[in-house]
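Peer 1: Below is a structure I'd like to ask you about.
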Amino acid sequence: MYLSTLLINVGDNPDRPRPGRLWLRNLYHVHQRLCMAFPSASRKTADPDFLCPFKPDDFGPKPVHEQRSADGGFLFRVDPQPGGRAAILVQSGARPDLEYAFHNADYLLCASQVREYDPQFRTGEALRFRLLANPVRKVSAKSLDVEGKPFEEKWIGKDVPVPPTELPHWLERRAEPGWSAQKNARDEQTPPGFRLIKVLPPQAGYVYWSKSGKEGTGQRLRSVRYDGVLEVTNPDHFRKTLMHGIGPGKAFGFGLLSIASLPQEARA
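Sequential numbering of the sequence shown, starting at 0, is according to my numbering.
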């Protein structure tokens, strides 16, 4: 796998155009541009200078819903930085071609870095983590809303935002021991391979996307940032969780689980 960091040019003068800041406001366009970093061999051969319009089929099969694996698909997250700046983290199976994706829009970036990413884990290892998620729940005929009343029939079978009081439990249900995961095409389930040790109060907000980019035509999705400490219970299972991400909305910057070693003083 590969881990890329893109430092975005958000500008520092409000009286001048700030295309990087405007770009980040629409997660649909962010995902589209990142898809361009993974061109098919035929696309890059036929259009080495990226002069032709973007076509999804030229950048992998159904890039929004592509299965993430050790050699394909990607996850990303927009991370605020000190001083009002922002960076995009991209975890991908293939090495991204950032020059191809941004050579006609290099004004969006201040800097970028791509490195190989092959983390090794140990059972019982404690790690810091960060996850930006879109916590939702599927409504059934027995579900109750935040006021304890049954949902209207039009919501049955659809996903709705998790109530604020349930946000910590949403993540807990995706960790051990109480995990519940959807089965894959082979009717298999893979445990998440981690348990939660500590979770800071979730930070809720919203992200926005629009295909057209016109005001009033897009949608907003509730975003929740989780930070804390986890413990690896099964290295192989945890690596798969890291690869596939957690929760829905991965095309809009959700699901990327970032991990880091604990400071020495925190291990004592």
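Note that the Cβ used here is the ideal one computed from N, Cα and C, for glycine as well.
Would you report the Cα separation of Gly83 and Pro118, rounded to the nearest angstrom?
Peer 2: If I take the Cα positions, the gap works out to 30 Å.
Peer 1: Should Arg76 go down as buried or exposed, given a rule of 16 or more other Cβ atoms within 10 Å for buried?
Peer 2: Result: buried.
Peer 1: Cα separation between Arg172 and Gly217?
Peer 2: About 30 Å.
Peer 1: Between the stretch 119-135 and the stretch 223-239, do at least 3 Cβ pairs fall closer than 8 Å?
Peer 2: Yes, the stretch 119-135 is in contact with the stretch 223-239.
Peer 1: If we require 4 or more residues per run, which alpha helix (DSSP H) segments fall completely within the stretch 89-158?
Peer 2: The qualifying runs are 97-101.
Peer 1: I believe His102 touches Phe53 by the beta-carbon criterion, under 8 Å. Please report the beta-carbon distance rounded to the nearest angstrom.
Peer 2: Not really, about 14 Å apart at Cβ, beyond 8 Å.
Peer 1: With H, G and I counted as helix, E and B as strand and the rest as coil, what does DSSP make of Arg24?
Peer 2: Note: Arg24 maps to coil in three-state DSSP.
Peer 1: Per DSSP, Trp208 is paired with what?
Peer 2: According to DSSP, which records beta bridges pairwise, Trp208 is partnered with Gln218.
Peer 1: Contact between the stretch 127-142 and the stretch 94-101 is defined here as three or more beta-carbon pairs at a separation below 8 Å; is this criterion met?
Peer 2: Segments in contact, no.
Peer 1: Nearest to Pro234 by alpha carbon, out of Gly252, Ala100, Phe193 and Thr44?
Peer 2: Taking only the C-alpha atoms, the option nearest Pro234 is Phe193.
Peer 1: Excluding five sequence neighbours on each side, which residues of the same chain lie with their C-beta closer than 8 Å to the C-beta of Asn25?
Peer 2: Contacts found: Tyr207, Trp208, Ser209, Gly212 and Gly217.
Peer 1: List the DSSP bridge partners of Gly227.
Peer 2: According to DSSP, which records beta bridges pairwise, Gly227 is partnered with Phe128 and Val198.
Peer 1: Assuming Tyr99 contacts Lys157 (C-beta within less than 8 Å), just tell me the rounded distance between them.
Peer 2: In fact, because the Cβ distance is near 38 Å, the residues do not count as touching under 8 Å.
Peer 1: Just the Cα atoms here: how many angstroms apart are Ile258 and His28?
Peer 2: The straight-line gap from Cα to Cα measures roughly 26 Å.
Peer 1: Of all the options Ala203, Val89 and Ala125, which has the alpha carbon lying nearest to the alpha carbon of Tyr1?
Peer 2: Closest option to Tyr1, Cα to Cα, is Val89.
Peer 1: Helix, strand or coil for Leu170 per DSSP?
Peer 2: In this structure, Leu170 counts as helix in the three-state DSSP scheme.
Peer 1: Determine the DSSP secondary structure at His64, reduced to helix, strand or coil.
Peer 2: Low confidence applies here, because His64 scores a pLDDT of 45, under 50, leaving its location unreliable and the question unanswered by this model.
Peer 1: Could you tell me which residues DSSP pairs with Ser3 in its beta bridges?
Peer 2: Bridge partners of Ser3: Val89 and Val113.
Peer 1: Quick test of your reading: Leu107 and Ser222, contact by CB under 8 Å. State the CB separation rounded to the nearest angstrom.
Peer 2: With a Cβ gap of about 21 Å, Leu107 and Ser222 do not count as contacting.
Peer 1: Label Asp57 either buried or exposed according to how many other C-beta atoms from any shown protein chain fall within 10 Å of its C-beta, with 16 as the threshold for buried.
Peer 2: Buried: at least 16 other Cβ atoms inside 10 Å.
Peer 1: Throw me the rounded Cβ distance for the Leu5 and Ala86 pair, which I believe falls under 8 Å.
Peer 2: Their Cβ separation, rounded to whole angstroms, is 6 Å, which keeps Leu5 and Ala86 in contact under 8 Å.
Peer 1: Rounding to the nearest angstrom, what Cα-Cα distance links Ile196 and Pro176 in this structure?
Peer 2: Rounded to whole angstroms, Ile196 to Pro176 spans 12 Å at the Cα level.
Peer 1: Does the Cβ of Cys51 have 16 or more other Cβ atoms within 10 Å, making it buried, or fewer, making it exposed?
Peer 2: With fewer than 16 Cβ atoms within 10 Å of its Cβ, Cys51 is classed as exposed.
Peer 1: Per DSSP, which one or two residues make a beta bridge with Arg76?
Peer 2: In the DSSP output, where bridge partners are listed per residue, Arg76 has Leu88.
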